[in-house]
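According to the UniProt record's numbering, the sequence shown holds residues 1 to 346 in order.
Positions of the beta carbon are idealized from the N, C-alpha and C atoms, including for glycine.
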Amino acid sequence: MTDMTKPSTPSRRRERFPGISTRAWEHPADRSALVSLRKLSGFDEVLKKLAGLVSERSVRLMFLATAVRASERQFPELYDMVRDAAYVLDLERVPDLYVTQDPAVNAMCIGMETPIIVVTTGLVELLDEEELRAVIGHEVGHAMSGHAVYRTMLLILTNIAARIAWLPLGNLAITAVITALKEWFRKAELSCDRAGLLAGQDLQASMRGLMKLAGGHNLAEMNVDAFLEQAEEYEKAGDLRDGVLKLLQVLPQTHPFAVVRVAKLKKWAESEEYRSILAGAYPRREDDPDTSVGEQWKAAADSYSRSVKESKDPLMGLLRDVAGGVGTVGGKLRDTFTGTRHSDED
């Protein structure tokens, strides 16, 4: 951390993004869901008002009573960081930030009408200034995208849908909905990793922070390049059995695994999309109402298709074979799971 008497702003120059739309950093799968939900005009506002009347007030009072609110006199560096992230991403209403005593490493954005950011002492002690700047930018991204609002909307709809579970195939249907929700949550996390990068504009700091979430504070014993090599090894994952195991491991998760987040963020940072945003060519908030739902869903589908095409995962390779109509898929599965090999004549 820097000298407490100095303003917590980087000495290097960073770009600011006046009028930027959250569509600029949202992952295509996240963006398509959000654009669709935002078209349900009125529902989100009703939900915000209802939450603000009871639950949000309760949460705010609890943190006001049990945590420390960042200000010019308390955690002034963190206070400057959240204001700085809001300035860079052009968020007029700066969220309150609370620090809560908890050794667990965590940060969250909660609340719908008036979101607040909460970070634990474990997180503050683990990360350096630039890494914290990326995390706070990540949480500001959640606030701006309205993830808390739309997640709550979908969870309400899911709870209503759960009442059909007694119908034939009803339980299977609700399980599919929950699986899809968790997939969206994971993509929302990738979106906000991008927001954190835009707020801090220090890729190494963003990657270091994610690496520390996996390996702890002893940075002298870790290396970002080696961690990226881990990510590539995880992506390749041996054979089909490993691909299946990875899929089963990730399905229950609400966050992508750390090595995946680092690899995805680095790839986005090297993309033309990121360079264009830094150059000032990005979607604007004023155009959000005219955004086509169909175009966003097509972009999401294209993103998934591209992921399958570019993936080195053996399971994704099998999916490519299926899509291409390869007739040896059954043989590949048989050979992998039985440990046998068959000649072409079999």
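Rounded straight-line distance, which links the Cα of residue j to that of residue i
| i | j | result |
| --- | --- | --- |
| Phe257 | Val250 | 8 Å |
| Met62 | Gly238 | 48 Å |
| Gly216 | Asp84 | 26 Å |
| Arg16 | Ala299 | 26 Å |
| Gly325 | Gly137 | Note on Gly325: pLDDT 48, under 50, position unreliable in the model; no value is reported. |
| Glu131 | Gly111 | 24 Å |
| Leu240 | Glu233 | 14 Å |
| Ala29 | Lys182 | 12 Å |
| Gly243 | Phe227 | 20 Å |
| Gln201 | Arg60 | 31 Å |
| Val262 | Ala67 | 30 Å |
| Arg31 | Ala301 | 12 Å |
| Leu78 | Glu92 | 18 Å |
| Leu127 | Arg73 | 21 Å |
| Glu221 | Val82 | 30 Å |
| Ser58 | Asp80 | 26 Å |
| Leu247 | Glu129 | 35 Å |
| Ala180 | Arg284 | 28 Å |
| Asn218 | Val224 | 13 Å |
| Trp184 | Gly280 | 28 Å |
| Glu295 | Leu245 | 33 Å |
| Ser271 | Lys236 | 22 Å |
| Phe75 | Glu229 | 36 Å |
Cutoff 6 Å; reference residue i; Cβ partners in own chain excluding five residues on either side
| i | result |
| --- | --- |
| Arg13 | none |
| Cys109 | Pro115, Ile117, Glu139, His142, Ala143 |
| Tyr274 | Trp268 |
| Trp297 | Ser32 |
| Glu26 | Ser191 |
| Ala214 | Ala258 |
| Ala107 | Val119, Leu123, Val135, Glu139 |
| Val260 | none |
Cβ distance (whole Å) where residue i is taken to contact residue j below 8 Å
| i | j | result |
| --- | --- | --- |
| Gly97 | Ala70 | Checking the displayed sequence, the identity of residue 97 turns out to be Leu instead of Gly. Confirmed, Cβ separation roughly 4 Å. |
| Ala134 | Ala205 | 6 Å |
| Pro95 | Val149 | 14 Å between Cβ atoms; not a contact. |
| Ala104 | His147 | With 8 Å as the limit, Ala104 and His147 do not qualify as a contact, their Cβ atoms being about 21 Å apart. |
| Val119 | Val88 | About 18 Å; that fails the 8 Å criterion. |
| Leu34 | Ser145 | 6 Å |
| Asp102 | Gly122 | 6 Å |
| Glu113 | Glu56 | 6 Å |
Cβ-based neighbour list, residue i, same chain, cut-off 7 Å, excluding 5 preceding and 5 following
| i | result |
| --- | --- |
| Gly196 | Ala134, Val135, Gly137, His138, Gly141, Ser206 |
| Ala86 | Val94, Val140 |
| His255 | Arg186, Glu189 |
Contacts around residue i, its chain only, beta-carbon distance under 8 Å, and the 5 residues preceding and following it disregarded
| i | result |
| --- | --- |
| Leu265 | Leu190, Asp193, Arg194, Leu197, Leu203, Ser206, Met207, Leu210 |
| Tyr282 | Phe17, Ile20, Ser21, Ala24, Ser276 |
| Glu293 | Going by the sequence as given, residue 293 is Val instead of Glu. Ser32, Val35, Ser36, Lys39. |
| Gln253 | Lys182, Arg186 |
is_contact[residue i, chain C] using C-beta, thresh 9 Å
| i | result |
| --- | --- |
| Lys246 | In the displayed structure, chain C is absent; only one protein chain is listed. |
beta-carbon residue i near the ligand ATP non-hydrogen atom, thresh 8 Å
| i | result |
| --- | --- |
| Thr100 | Summarising the ligand content, the structure contains no ligands, and the ligand ATP is consequently not present. |
(message) Contact between the stretch 209-217 and the stretch 279-296 is defined here as three or more beta-carbon pairs at a separation below 8 Å; is this criterion met?
(response) Counting Cβ pairs under 8 Å, fewer than three are found: no touch.
(request) For the stretch 185-245, list the alpha helix (DSSP H) runs that are entirely contained and at least 4 residues long, ordered along the chain. (result) Listed in chain order, they are 203-215, 224-236.
(request) Identify every run of the alpha helix (DSSP H) within the stretch 68-141, keeping only runs that are complete inside it and at least 4 residues long; order them along the chain. (result) The stretch 68-141 contains, as complete alpha helix (DSSP H) runs of 4+ residues, the segments 76-88, 121-126 (chain order).
(request) At 4 residues or longer, and completely inside the stretch 248-300: list those alpha helix (DSSP H) runs for me, N to C. (result) Counting only runs of 4 or more, we get 258-269, 272-278.
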